[in-house]
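The C-terminal position of the sequence shown is numbered 259 in the numbering used here, with every residue numbered one higher than the one before it.
Idealized CB from N, CA, C, for every residue including glycine.
Read the structure below first, then the notes.
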Amino acid sequence: MLFHVEMQVNIPHDFPAEKADAIKAAEKAYAQDLQRQGKWLHLWRIAGRYANVSIFDVESVDELHQLLSSLPLFPFMDIKVTPLARHPSAI
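Below you can see the structure in the form of structure tokens.
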């Protein structure tokens, strides 16, 4: 199942920088692992924002929820999920 996921990160300005840096490093490692597994197909930065557009390929909505809620930055994110279906004109 394919999903378009937009993630907006909102770390509070008064959050300790060293803690934020550690969470960001853990996030990068987790995201790259999911990419290597073929579950996180595309990851694109949205210019001018601390946000991304991603495409996930997972077995179920439950799996997607588990992956997203396990992101180290999850507590600081606003996430919008859109399920995708194959377009009849796609080649």
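In the structure shown, what three-state DSSP assignment does residue 172 receive?
Mapped onto the sequence shown, residue 172 falls at position 4. DSSP places residue 172 in strand when its eight states are reduced to three.
On the CB-based measure, 16 or more other CB atoms within 10 Å of its CB, does residue 229 come out buried or exposed?
On the sequence shown, residue 229 is found 61 positions in, with the first residue counted as 1. With fewer than 16 other Cβ atoms within 10 Å, it is exposed.
Determine whether the beta carbon atoms of residue 173 and residue 222 lie at a separation below 7 Å.
In the sequence shown, the residue the question calls residue 173 occupies position 5. In the sequence shown, the residue the question calls residue 222 occupies position 54. Taking the C-beta atoms as reference points, residue 222 is found nearer than 7 Å to residue 173.
Where residue 191 falls: helix, strand or coil (DSSP)
Sequence index remark: in the sequence shown, residue 191 carries index 23 (1-based). Helix at residue 191.
With three or more C-beta pairs closer than 8 Å as the rule, is the segment 199-215 touching the segment 243-257?
no
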